[in-house]
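Numbering (our numbering), first residue to last: 266 to 628.
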């Protein structure tokens, strides 16, 4: 390495961590997913002769379900099922129409309120979602999860007082719902009261040991404190949902940020081998470690190249390939990749600086 090259590694583009969601993003995801879990566990509508749960999986399509609805137009379960198929097919307006009908036909069945509110959230109609949940609590005042769902709506709106009001309503009816304490933990996290947030997330998994999101949040909060308990919480989350990349990726980032590079690389390799061979960040972060911390620029190049292959507009990967070549004093190759970076993003500042640096030193 030449003398003038010694400082430019500080300009290396850092790895992305797209999985560190803030609380409001998390709550929006939970709002959309809530009815899915509840619908799975509910009994079918018993007032009609056609039970949706008896329909073969290979018949779960709009045409077949519509034929059944034509036979029993007041079968709320069938309408709910067709709504779910519409929703999965991104036909949200049609899903909402069927869900409204189902909720009207069976106004004492909580699942139809939750399903309808879910679709309103997905459609960006939060007031309608909120009103649907308010009707749920009015018509079924003893159903505690209805208040939890309302609390999540108000948390997303950052109305923490009203959020807490509905959490207390839920708690007064059933103190064993883990989501109550999870949502309360999110309030504390939003207000930077980390220790109380941790206490609430711990209480949530005491009530519901399978509450995946609490383990992930506990991992993130302990990672912020550089506490190795973070890794244990990520590992627990992985055991609950072994198909998810998120906790493994976050564990790798934790070790990377705490200079345990061998551990981080092993986990990134595991992500690629076992979970997601197309994950560009797992390739990129390995390259980042090799280039920036282990001085192995030549070994980093194929990893950045692989990241770029998996995500063709990954500008940072393109730039870092140039940086590797510059580190190896292969200046013509470095210049080529810096120029490619600017073709991808015209005003990418690090590539502009790099080309100016090469020009200054006649490289």
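Glycine is no exception: its CB is placed at the ideal position from the N, C-alpha and C atoms.
When the distance is taken between beta carbons, is residue 526 closer than 8 Å to residue 643? Only positions 266 to 628 of the chain appear in this structure, which leaves residue 643 out of reach.
What's the gap between the Cα of residue 578 and the Cα of residue 565? One-based indexing of the chain shown puts residue 578 at position 313. One-based indexing of the chain shown puts residue 565 at position 300. Rounded to whole angstroms, residue 578 to residue 565 spans 18 Å at the Cα level.
Tell me the DSSP secondary structure of residue 302 in three-state form. Locating residue 302 in the chain shown gives position 37, where the first residue counts as 1. The predicted model places residue 302 with a pLDDT of 40, which falls under 50 and marks its position as unreliable; any figure quoted below should be read in that light. Helix.
To the nearest angstrom, how far is it from the Cα of residue 547 to the Cα of residue 561? Here residue 547 is taken as the residue at index 282 of the chain shown, counted from 1. Here residue 561 is taken as the residue at index 296 of the chain shown, counted from 1. Taking the straight line joining both Cα atoms gives about 17 Å.
Pairwise C-alpha distance: residue 389 and residue 402: Counting from 1 along the chain shown, the entry for residue 402 is found at position 137. Counting from 1 along the chain shown, the entry for residue 389 is found at position 124. Cα to Cα, residue 402 sits roughly 22 Å from residue 389.
Taking only the alpha-carbon atoms, compute the straight-line gap between residue 440 and residue 398 and give it to the nearest angstrom. Here residue 440 refers to the residue found at position 175 of the chain shown. Here residue 398 refers to the residue found at position 133 of the chain shown. Answer to the nearest angstrom: the Cα atoms are 20 Å apart.
Ordered along the chain, which non-local residues of its own chain (more than five positions away) have a Cβ less than 6 Å from that of residue 275? Against the chain shown, residue 275 aligns to sequence position 10. In this predicted model, residue 275 has a pLDDT of only 40, less than 50, meaning its place in the structure is not dependable enough to derive any value.
For residue 625, three-class secondary structure by DSSP: Counted from its first residue, the chain shown places residue 625 at position 360. Helix at residue 625.
For the segment 477 to 564, which segments carrying the alpha helix (DSSP H) assignment without a break, of at least 4 residues, lie completely within its bounds, in sequence order? 477 to 489, 494 to 505, 511 to 522, 526 to 535 and 545 to 557
Compare the beta carbon distance of residue 563 and residue 573 with 8 Å and say whether it is the shorter of the two. As a working note, residue 563 is residue 298 in the chain shown. As a working note, residue 573 is residue 308 in the chain shown. Contact flag unset, no.
Using the rule of at least 16 other Cβ atoms within 10 Å of the residue's Cβ for burial, across every protein chain shown, is residue 627 buried or exposed? In the chain shown, counting from the first residue as 1, residue 627 sits at position 362. That one is exposed.
Exposed unless 16 or more other CB atoms sit within 10 angstroms - verdict on residue 504: Here residue 504 is taken as the residue at index 239 of the chain shown, counted from 1. The residue in question, residue 504, is exposed, as its Cβ has fewer than 16 Cβ neighbours within 10 Å.
For the alpha helix (DSSP H) holding residue 314, just list the boundary residues, first then last. Position 49 of the chain shown, counted from the first residue, corresponds to residue 314. Looking at the DSSP string, residue 314 is not in any alpha helix (DSSP H), and its letter there is neither H nor E.
In this structure, how does DSSP classify residue 579 when only helix, strand and coil are distinguished? As a working note, residue 579 is residue 314 in the chain shown. DSSP places residue 579 in coil when its eight states are reduced to three.
Determine contact between the segment 497 to 512 and the segment 474 to 485, defined as no fewer than three beta-carbon pairs at a distance below 8 Å. yes
Start and end residues, alpha helix (DSSP H) containing residue 338: Within the chain shown, numbered from 1, the residue matching residue 338 stands at position 73. Run containing residue 338: none; DSSP gives neither H nor E here.
Sorted by chain position, which residues of the same chain lie with C-beta nearer than 8 Å to residue 412's C-beta, five sequence neighbours on each side aside? Here the question's residue 412 lines up with position 147 in the chain shown. 402, 431, 432, 434, 435 and 438, listed in sequence order.
For my contact list, residue 568 and residue 576 are in at a C-beta cut-off of 8 Å; report their separation, rounded to the angstrom. By 1-based counting over the chain shown, the position of residue 568 is 303. By 1-based counting over the chain shown, the position of residue 576 is 311. The pair is not a contact, with the Cβ atoms about 13 Å apart (cut-off 8 Å).
In angstroms with no decimal places, state the Cα-to-Cα distance between residue 463 and residue 360. The residue labelled residue 463 in the question sits at position 198 within the chain shown. The residue labelled residue 360 in the question sits at position 95 within the chain shown. Roughly 38 Å between the two C-alpha positions.
For residue 343 and residue 333, which I take to be in contact (beta-carbon distance under 8 Å), what is that distance rounded to the nearest angstrom? What you label residue 343 is simply residue 78 of the chain shown in a count that begins at 1. What you label residue 333 is simply residue 68 of the chain shown in a count that begins at 1. Going by Cβ atoms, the distance from residue 343 to residue 333 rounds to 5 Å, so yes, they are a contact pair.
Suppose contacts are defined by Cβ-Cβ distances below 8 Å. Is residue 446 in contact with residue 465 by that definition? Position 181 of the chain shown, counted from the start, is the residue given in the question as residue 446. Position 200 of the chain shown, counted from the start, is the residue given in the question as residue 465. Yes, Cβ-Cβ distance for residue 446 and residue 465 is below 8 Å.
Can you tell me which of 524, 453, 519 and 507 puts its alpha carbon nearest to the alpha carbon of residue 539? Translated into positions along the chain shown, residue 539 becomes position 274. Ranking the options by Cα distance to residue 539, first place goes to 507.
Starting from the Cα of residue 400, find the closest Cα among 495, 369, 444 and 423 and give me that residue. In the chain shown, residue 400 corresponds to position 135, counting from 1. Looking at the Cα atoms, 369 is the closest of the given residues.
What's the gap between the Cα of residue 378 and the Cα of residue 590? Residue mapping note: residue 378 aligns to position 113 of the chain shown, counting from 1. Residue mapping note: residue 590 aligns to position 325 of the chain shown, counting from 1. Rounded to whole angstroms, residue 378 to residue 590 spans 59 Å at the Cα level.
Just how far apart, CA to CA, sit residue 407 and residue 373? For this step, residue 407 is matched to residue 142 along the chain shown. For this step, residue 373 is matched to residue 108 along the chain shown. Going by the C-alpha atoms only, they are around 12 Å apart.
Residues of its chain near residue 606, where Cβ-Cβ distance is below 7 Å and the 5 sequence neighbours each way are ignored: Your numbering for residue 606 matches position 341 in the chain shown. 580, 583, 584, 587, 613 and 616.
If you drop the 5 nearest sequence neighbours on each side, which residues of the same chain put their C-beta closer than 6 Å to that of residue 599? If you number the chain shown from 1, residue 599 lands on position 334. So the qualifying residues of the chain are 587, 590 and 591.
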